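A short worksheet on the structure shown next.
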Amino acid sequence: METLFGIELGNIEATFAGVTLLPYYWDYVQHQSHMAKSHPGEVWLHGTLGPLYLKGDLDPVLPLLLVCSELHATQRKSALGQGYYRPVANQPFFDTALRDPDFFAWNLEKLDRESDLADDIERAFGRDGDFAATLHNDIASGAYAPDAVRCVPIPKKDGTKRPIHVLSPRDAFVHRALHRLLSPVVDRMLENASVGFRPGRSRETARRMIAAAIRDGRVHVLEADIASFFDAVDRDSLFRRLDAVLPSADRLTRNLLAQCIAAPTAVQGEERPTCRGLLQGSPLSPLLANLYLDTFDEDMVRLGHRLIRYADDFVVLCKTREEAKQAHADANALLAGLGLSLSPEKTRLRHVDMGFSFLGFDFDADNEEEFLERAALRKPLFIAGQSSFVGLDGDALTVRRDGEQTARVPLERVSEVVVFGGGGVSTRLLNKCSGLRVPVSFCSPGGWYTGTLRPDSRRYFEIAALHAKRREAMDASEVVEAAKDIVGAKIAGYAAWFRRRYEEGAAGGIAALEEILAGLAQARTVDAVRGFEGAAARATYGLVTSFVRVAGFAVSGREPRKKLDRFNALIDFASYFLFTRLNVLLRSKGLNPYLGFLHSPEDRYESLVCDLQEPFRCRMERMAVRLVNRGEVRPEDYEYAPGTGYRFTRQAAGKLLERFEREMATRLADDPGTWGELVMAQTKVVLDWAQGYRGLAFYSP
3 METLFGIELG NIEATFAGVT LLPYYWDYVQ HQSHMAKSHP GEVWLHGTLG PLYLKGDLDP
63 VLPLLLVCSE LHATQRKSAL GQGYYRPVAN QPFFDTALRD PDFFAWNLEK LDRESDLADD
123 IERAFGRDGD FAATLHNDIA SGAYAPDAVR CVPIPKKDGT KRPIHVLSPR DAFVHRALHR
183 LLSPVVDRML ENASVGFRPG RSRETARRMI AAAIRDGRVH VLEADIASFF DAVDRDSLFR
243 RLDAVLPSAD RLTRNLLAQC IAAPTAVQGE ERPTCRGLLQ GSPLSPLLAN LYLDTFDEDM
303 VRLGHRLIRY ADDFVVLCKT REEAKQAHAD ANALLAGLGL SLSPEKTRLR HVDMGFSFLG
363 FDFDADNEEE FLERAALRKP LFIAGQSSFV GLDGDALTVR RDGEQTARVP LERVSEVVVF
423 GGGGVSTRLL NKCSGLRVPV SFCSPGGWYT GTLRPDSRRY FEIAALHAKR REAMDASEVV
483 EAAKDIVGAK IAGYAAWFRR RYEEGAAGGI AALEEILAGL AQARTVDAVR GFEGAAARAT
543 YGLVTSFVRV AGFAVSGREP RKKLDRFNAL IDFASYFLFT RLNVLLRSKG LNPYLGFLHS
603 PEDRYESLVC DLQEPFRCRM ERMAVRLVNR GEVRPEDYEY APGTGYRFTR QAAGKLLERF
663 EREMATRLAD DPGTWGELVM AQTKVVLDWA QGYRGLAFYS P
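Here it is, written out as C-alpha cells:
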C-alpha cells in the first residue's frame, strides 16, 4: 500500500497487537515456473503455500487484509502472482480429514503394515470392512465415546512400579490416527531444544548438540528430571494451549482430543474418572507432552540458556557455575507456572570434568566425538517367558503376556532382540527389525542358542566372502600365533584380576599363570596351545571359586553345561549371555562365526565366538563372584531337576539379565571403556582384519 499508493499505514505492529498468527499450517514449496529468457536454465518459484491462521481481534486489520488480497501484495514489485491470499472465515484444517471416510480407511491400511494392533482390531471387529466406516460415522456424528483405559503396573529397575495405560483396540487406533494427523503441524511449533519423539530427531541429535555445547566452552551442566511428569500435567493448561494453537473451526478435532485425554481408567475392574495427567501408553501422549512443555523451552531459550530436552529429562549447558545456578532457578520458576517441579534426587549441578550421563550417553571433558559415537551403544533386549508375544506398534516393540501388555520399548534404543523359549514373534516386527538392521536371536527356555535372523544386504555377503578368503589365506603358523594371542589375552585378564584382589593364594595363582605363559610362547601347534589353555583354566578355576564366601554355593568341580552346582550354573548362564552377544555382533557385521583359530573351524559350533569369549572370561567370572558375595544371586533363585541340574527360576533369570547388562555398562578403573564397549571394539577389530584394514589383535588389560 505504501509502495503503490503512498498511503502511510503507521505502526503496523500496533495494528496487529491483538492478533495471533499461526504459521504452522503452511508448507515451504518450490516448483519449476518456466525457462529463463535472459540466461540459461530454469526459473523456479518457491515460498510458503497453504493456510496462515489469524486469531484474535481482527476488526482493525480486516479492511487492510481485504484490500491487499485484491492487490496480490508482495514485497517484490516484479513478482506478480506471488503474495496472493484469500481471507476465509472459520476455515477448519484437521476436521476436513476427520470428516473424510477415506482418512480412516487409509489409517487402517497403514496400520496393517506397521502394527500388530491391526490383528487386535480384526479379532474384535472382524474383516468385513465396517470398522473404519462405523468409526468414521461415530466420530463425525459425535456419538464416539472412549472405553475405560486399563491401568497395568510395570516393574521398574529400582523396584517401584509405573502405570502403563492399555487402550482398547478401537481407542488405540483413534489415538494413532490423531497423532498422524497432528504430528506434522505440532512439530513445527516446537523449539530446536526439544529432541524427543519428533520425526528426524533422536538421542543422537541430543548427543551432537551436547558435544557442540561442550566444544563451545559450556562445561557446567544442570542435569534435571521433571518429577512425575506424565501424572502431573494440568489438563486445563493443556487445553488452553491446544485452544491457542488449533484453528477455532476445528471443533470436531478439539472435542475428540478432549475425549482421548480425559478417558476414564479402569483399576481392578473399577472405572474411575481422571482430572490430571497424560496416559502413559497412548501414542498421543509424547506429542502432547512436547506441546505442553513448548512454552518452557521457549522461555528457557529466551533467557539465554542452552537447553536440550528429551521428554521430561533435560540438560542445560552453561559457561559458569553461576549461570548453571541461574538456569536451575529459572527452570524451577517456569515449571511451577505449569504446575510441575523438578525431581530433587535426579537434579544436580556438576562440571563436565566430573562426567555426566544423558539418554544413555556418557560425557566428560576429554571425550572426543569419535569416542562418543562408539560409546553410544544401544542395548540388547532379552525377552523370556513361554506365553510371551513380541510384537510391533509403530516404532516400538511391545511384549504381551497372557494377553496383557507388559512392556513397550522404542526400537531406536534396541541393538538386538534375544527371545528365550517358545513365545511368539510378530512377522511385522521381524520386517521392521530387518529394515532397522536389528538382529533377532532365538534360544531354548534352558538358554541354548538356536539361531539369528540378521539384516540382509549385499555388503553383508561381501564381508562374509572377504572374511572366508582372509581366513583361508592364513598358513598354519599364523593360525597358531592367533591362538596363542587369544590364550595370552585370557591369561593376562586373570592375572590382572588376581593382582587387584590381594588375597591368599593370589600370588601363587599369578606365578602359575606366568609359568604357563612362558610355555605358551614355545607352542608350535594349535593342539599344543589348547593344552596350555586347559592348564590355565585349571590354574584359575580353583582360585576363582575360593573367592566365593556364601554357603550354598559350594563347587563340585567344573564341568561345562552340566550345572552340577549353583555356581557352575551361574557361570554357564553368564557364558550364554556373553556368547549370544558376541554371536549376534559377529553375524550382524557379516562375519562368519564358525571361522575360529583356537577352537577348531571344523567343529559344529561357532568357534570364532568361543575364541572371542576367552579374553573376557575373567570379567564374566568376576561378575559371578560379586553377584554371589553381595547376595544379588541367592540359593532360592535356583530350582533343581534330576538330569538337568540347577537352573534359574523365571523371575531370577530376568533379574540376572539386568545384572549382566549393568555389568556390560560398567567400566573398570584400568580399562579404556565399559565391558560392552570393549566387546564392540573387539568385534570391530575382527571386522577390520577381515577386510584387510589392520592386523588381528585381541583385547588384553
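Note that the numbering used here has the sequence shown beginning at 3, numbered continuously upward. Just so it is clear, CB atoms sit at the ideal spot from N, CA and C, and this is done for glycine as well. Treat the numbers as computed from the prediction; the structure is a model and nothing was measured.
Please report the residue range of the beta strand (DSSP E) in which residue i lies.
i: A268; result: 267-269
i: P249; result: Premise fails: P249 is in no beta strand (DSSP E) and is neither H nor E.
i: V546; result: It is not in any beta strand (DSSP E) - V546 instead sits in the alpha helix (DSSP H) that spans 528-548.
i: F7; result: Segment 4-7 is the alpha helix (DSSP H) holding F7; no beta strand (DSSP E) there.
Which same chain residues end up closer than 6 Å to residue i when comparing Cβ atoms and leaving out the 5 residues on each side of it in sequence?
i: F106; result: A134, L137, H138
i: D97; result: D252, L254, T255
i: A498; result: P703
i: E371; result: Only weak support is given to the placement of E371: the predicted model assigns it a pLDDT of 43, under 50, and the value that follows is read from those uncertain coordinates. Correct list, in chain order: A213.
i: A699; result: V687
i: T542; result: Y496
Indicate the three-state DSSP secondary structure (helix, strand or coil) for residue i in the structure shown.
i: E418; result: strand
i: E604; result: coil
i: W46; result: strand
i: Y26; result: coil
i: S239; result: helix
i: G306; result: coil
i: Q407; result: strand
i: D59; result: coil
i: L184; result: helix
i: T676; result: coil
i: I228; result: strand
i: T685; result: helix
i: F360; result: strand
i: C70; result: helix
i: T276; result: coil
i: R376; result: Confidence at R376 is low in this model, with a pLDDT of 38, below 50, so the placement of that residue is unreliable and no value is reported for it.
i: T321; result: Here the sequence assigns Lys to residue 321, which means Thr is not the residue at that position. K321: coil per DSSP, three-state reduction.
i: V298; result: Residue 298 is actually Phe in this sequence, not Val. Helix.
i: R352; result: strand
i: V21; result: strand
i: S577; result: helix
i: E370; result: Because E370 sits at a pLDDT of 44, beneath the cut-off of 50, its placement in the model cannot be relied upon, and the point is left open.
i: L515; result: helix
i: G196; result: Rather than Gly, the amino acid found at residue 196 in this sequence is Ser. Reduced to three states, the DSSP call for S196 is strand.
i: P412; result: strand
i: F555; result: coil
Tell me, to the nearest whole angstrom, how far the beta carbon of residue i is from that of residue j; I am working on the premise that it is less than 8 Å.
i: G592; j: A466; result: 5 Å
i: P25; j: L51; result: Going by Cβ atoms, the distance from P25 to L51 rounds to 12 Å, so no, they are not a contact pair.
i: R167; j: L289; result: Before going on, a small fix: residue 167 reads as His here, not Arg. That pair is no contact at about 15 Å.
i: S117; j: L394; result: 6 Å
i: P94; j: P249; result: 6 Å
i: K492; j: E616; result: 4 Å
i: L317; j: A326; result: Note on residue identity: the sequence assigns Val, not Leu, to residue 317. Not a contact, Cβ separation roughly 10 Å.
Can you check DSSP and say which residues form a bridge with residue i?
i: E347; result: The partner list for E347 (beta bridge, DSSP) is empty, contrary to what the question assumes.
i: G647; result: A643
i: I166; result: V154
i: Y312; result: D315
i: D395; result: S117, A398
i: V2; result: Nothing can be reported for residue 2, as the shown portion of the chain is limited to 3 through 703.
i: V31; result: G49
Near residue i, which residues of its chain fall below 8 Å by C-beta distance, leaving aside the five closest residues on each side in sequence?
i: Q261; result: Y146, A147, P148
i: G426; result: S390, F391, V392
i: A378; result: Reliability fails at A378, whose pLDDT of 45 lies under 50, so the model's placement of it is uncertain and no value is given.
i: R2; result: The displayed coordinates of the chain run from 3 to 703. Any statement about residue 2 would go beyond what the structure contains.
Cutting at 7 Å between CB atoms, please list the residues of its own chain near residue i, excluding the five before and the five after it.
i: F7; result: none
i: E665; result: M625, W677
i: I512; result: A497, F500, R501
i: A386; result: F422, G423, R652, A655, G656
i: L286; result: H177, L180, H181, C262
Between which two residues does the alpha helix (DSSP H) harbouring residue i extend?
i: L432; result: 429-438
i: I141; result: 132-143
i: K591; result: Unbroken run through K591: none, as it is neither H nor E.
i: S479; result: 478-503
i: L629; result: 619-631
i: L100; result: 97-100
i: F463; result: 460-474
i: L659; result: 652-666
i: R205; result: 205-217
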